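In the working numbering, the protein residues as written are 151 to 431.
We put the CB at the ideal spot given by N, CA and C, even for glycine.
Keep in mind the model is a prediction, meaning the values are calculated, not measured.
Encoded as structure tokens, the structure appears first; notes follow it.
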């Protein structure tokens, strides 16, 4: 449903055709009967700043940002929320009534909501160390979310150790312990959570090579990859008895704050939504 009074938002990236955001926002718009639209915006890198600054003039309520525009948005918005400032990237822009732009990062929110809504009732991140593999933008968002949730220790490991050390230095929290990639098997000892934020295990990439023997059986294993939905890591962890959380929920939950800001409704993540985003036919 779209009229001349319809509310409009979108997702900006280059390329943008792979994004599933139009599917999930479109599902919510139809489900809640909202007069509005969410559209893909294919914007090349050299036009990103111009396009972002034009959002108010075009009547957009805001937009999501995907690769490679998250860092550009971080530099040019008028205001940043605390998550965007700490993560160093913007994935959601809100156009204020006065036309100014607020940059937010909802990746950490999406990660945590996906994890906590899927975790066993007896599980708590405060019960022991968390292990995070990777040191990209997603890893930074995961670490921020875990710090905010009260994780007593975060063991951060990446193939290039200097990148993990950079995250630890930027965030400046002594709970972050940087480890060597070849020590990832031993780092699992006593952990309550293992998070893979690398591309290993994604369709078209090699599987993550890790021995889970030292990981307690009540520790949660989660992968931010959702193509495939069940990665080799999750399959191995599930077979040995660990509770597992797939990565699709992170995508779905991170979209909620933007939708709420743009369209005035706090949407719910449901099984119907999950099925539709995976297979919209």
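Secondary structure in the segment 253-317: the alpha helix (DSSP H) runs of 4 residues or longer, each lying completely within the stretch, are 257-268 and 287-299 in chain order. In the structure shown, the three-state DSSP call for residue 159 is strand. Counting the other Cβ atoms within 10 Å of the Cβ of residue 428 gives fewer than 16, which makes it exposed. With a threshold of 16 other beta carbon atoms within 10 Å, residue 407 meets it and is buried.
With 16 or more other CB atoms across the displayed protein chains lying within 10 angstroms of its CB, residue 350 is buried. One alpha carbon belongs to residue 251, the other to residue 166, and they sit about 21 Å apart. If you draw a straight line from the Cα of residue 319 to the Cα of residue 266, it comes to about 27 Å. Comparing alpha carbon positions, the residue from 359, 387, 397 and 366 closest to residue 376 is 397. Residue 373 and residue 339 have their C-alpha atoms spaced approximately 19 Å apart. Scanning 322, 379 and 283 for the CA closest to the CA of residue 344 turns up 283.
Look at residue 243 here: in three-state DSSP terms it is strand. DSSP, read as helix, strand or coil, puts residue 190 in strand.
Per the C-alpha coordinates, the member of 188, 236, 243 and 304 positioned closest to residue 202 is 243. Judged by their CB atoms, residue 182 and residue 160 are not nearer to each other than the 8 Å cut-off.
Per DSSP, the continuous alpha helix (DSSP H) segment holding residue 386 begins and ends at 382-390.
For residue 330, the uninterrupted beta strand (DSSP E) segment begins and ends at 326-330. Under DSSP, residue 229 forms a beta bridge with 252.
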